[in-house]
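Take a look at the structure set out below.
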Amino acid sequence: MSNLATLRYLSQSDLLNLGANHSNSFIEAITEGLTLHANKQFVQPLKPYLRWQGADHIADRIIAMPCYLGGNDPIAGIKWIGSRQHNPKKFNIPRASALIVLNDSETNYPVAVMEGSLISAMRTAAITGVSIKYLAKKDFSDITVIGCGPIAQMQIKTVLEQYAQVKKIHLFDVNPEAAEKLKALFLSEYPNLEIEIHDSAKSAIQQADVLITCTVSDKPYIPFEWLKKGCFVSNISIMDIEPEVFLKVDKVIVDDWDQSNREKKVINVLVEDGLFSREKLHAELGDIIIGHKNGREHEDEIILLNPMGMAIDDIVCAKWFFNAAQEQNVGTVLPLL
1 MSNLATLRYL SQSDLLNLGA NHSNSFIEAI TEGLTLHANK QFVQPLKPYL RWQGADHIAD
61 RIIAMPCYLG GNDPIAGIKW IGSRQHNPKK FNIPRASALI VLNDSETNYP VAVMEGSLIS
121 AMRTAAITGV SIKYLAKKDF SDITVIGCGP IAQMQIKTVL EQYAQVKKIH LFDVNPEAAE
181 KLKALFLSEY PNLEIEIHDS AKSAIQQADV LITCTVSDKP YIPFEWLKKG CFVSNISIMD
241 IEPEVFLKVD KVIVDDWDQS NREKKVINVL VEDGLFSREK LHAELGDIII GHKNGREHED
301 EIILLNPMGM AIDDIVCAKW FFNAAQEQNV GTVLPLL
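According to the UniProt record's numbering, the sequence shown is numbered sequentially starting from 1.
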């Protein structure tokens, strides 16, 4: 139990000092979180979306994401994440910001507050990093990323750090400058990596062994015929994939069925139309990690992961960094009373 008279604050700089600039800790934490999910050692209410007049884009919202994690090191917490589509152009700030609060599971007292946008981005990338191990072809070499903003940067960073076999990155963004900027960023660190910017989403997607969507699209635009045999799709931005794809791929996987079947997302619409159901779902990702369900079974399978993003992901990663901060005395300790 932490000292309940104090609260440890961790800035983004503190998190970076604890190793949040590399994917390893996030991969470790996300694997733990998905295992807890599969073993039902969690409580995770459906996340509410707070919107008001003038919030016209799908990305204009504040989301509250509470969770309790059991297991050997129980903790509770919440991520409070705000987003405005116009932030980069209007205010020259990132689209999303976040705070994470952790609470002691015995007293329910708050014990930590930390900057959450870095954790949010890196844990999302770690979902892709973990899932590739189970769902991508063993000999995959070509990664396609659609949308070239901050989320894409973390996704590519994680994949390159975890899988040395990547030979080529294919990029597309409706803003060519964003793709050029992302290309330059990674070539400075990986000078031998081949990176190609495509002039259409179709051209980039047709090359993908692993496809990662990182856009803020509010309408599907990727049809089944663009996906080559053996493709693994990590549908991070949720709305990019046409409904027909969910019905035609070999396996559909989610992180959490209840979180995925809501808010008029593609799966929810298919369920309401009687075209999809939990019975047609292949698995939740955690069930594959603990071996209760198979991942990829042959090289030609087209597999779609549709991860809505869970509070579990944020809280398990925040717990990892809070524990590290306690051990290394990193951060600012504030009086609570």
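Built from N, CA and C at the ideal position, the CB exists for glycine as well.
Residue i: first and last residue of the uninterrupted beta strand (DSSP E) it sits in
{"i": "LEU211", "result": "210–213"}
{"i": "ASN192", "result": "Careful: ASN192 lies outside any beta strand (DSSP E) and carries neither H nor E."}
{"i": "GLU170", "result": "Reading the sequence as shown, one finds His at residue 170 and not Glu. First-last of the beta strand (DSSP E) with HIS170: 168–172."}
{"i": "VAL254", "result": "251–254"}
{"i": "LEU334", "result": "332–335"}
Run of the alpha helix (DSSP H) containing residue i, from where it starts to where it stops
{"i": "CYS148", "result": "Neither: CYS148 is in no alpha helix (DSSP H) and is coded neither H nor E."}
{"i": "LEU305", "result": "That residue, LEU305, is in no alpha helix (DSSP H); its beta strand (DSSP E) goes 303–306."}
{"i": "ILE205", "result": "201–205"}
{"i": "ILE267", "result": "266–272"}
{"i": "LEU15", "result": "12–17"}
{"i": "ASN24", "result": "24–38"}
{"i": "ASP139", "result": "Where ASP139 is concerned, there is no enclosing alpha helix (DSSP H), given that its DSSP letter is neither H nor E."}
{"i": "ASP300", "result": "Where ASP300 is concerned, there is no enclosing alpha helix (DSSP H), given that its DSSP letter is neither H nor E."}
{"i": "GLN259", "result": "257–260"}
Assigned secondary structure, residue i (DSSP; H/G/I helix, E/B strand, else coil)
{"i": "ARG123", "result": "helix"}
{"i": "GLY291", "result": "coil"}
{"i": "PRO243", "result": "helix"}
{"i": "LYS280", "result": "coil"}
{"i": "GLY71", "result": "coil"}
{"i": "SER217", "result": "coil"}
{"i": "SER234", "result": "strand"}
{"i": "VAL43", "result": "strand"}
{"i": "ASP56", "result": "coil"}
{"i": "LEU7", "result": "strand"}
{"i": "GLY309", "result": "coil"}
{"i": "TYR49", "result": "strand"}
{"i": "ALA184", "result": "helix"}
{"i": "ALA76", "result": "strand"}
{"i": "ALA178", "result": "helix"}
{"i": "ALA324", "result": "helix"}
{"i": "ALA152", "result": "helix"}
{"i": "LEU318", "result": "Sequence check: residue 318 is Ala here, not Leu. In the structure shown, ALA318 sits in a helix (DSSP, three-state: H, G or I)."}
Rounded distance between the beta-carbons of residue j and residue i, thought under 8 Å
{"i": "GLN162", "j": "SER13", "result": "Going by Cβ atoms, the distance from GLN162 to SER13 rounds to 24 Å, so no, they are not a contact pair."}
{"i": "ALA204", "j": "ILE146", "result": "7 Å"}
{"i": "LEU337", "j": "ILE241", "result": "Contact doesn't hold; Cβ gap of about 50 Å is too wide."}
{"i": "HIS282", "j": "LYS293", "result": "7 Å"}
{"i": "ALA311", "j": "LYS133", "result": "So it is not a contact: roughly 23 Å between Cβ atoms."}
{"i": "ILE236", "j": "ILE212", "result": "6 Å"}
{"i": "ALA208", "j": "LYS228", "result": "7 Å"}
{"i": "LEU285", "j": "SER131", "result": "6 Å"}
Status (buried if at least 16 other CB within 10 Å, exposed otherwise) for residue i
{"i": "ALA29", "result": "buried"}
{"i": "GLN328", "result": "exposed"}
{"i": "PRO110", "result": "buried"}
{"i": "VAL43", "result": "exposed"}
{"i": "PHE276", "result": "buried"}
{"i": "ARG278", "result": "exposed"}
{"i": "ALA318", "result": "buried"}
(Q) Which complete alpha helix (DSSP H) runs does the stretch 82–120 hold, if anything under 4 residues is left out? (A) none
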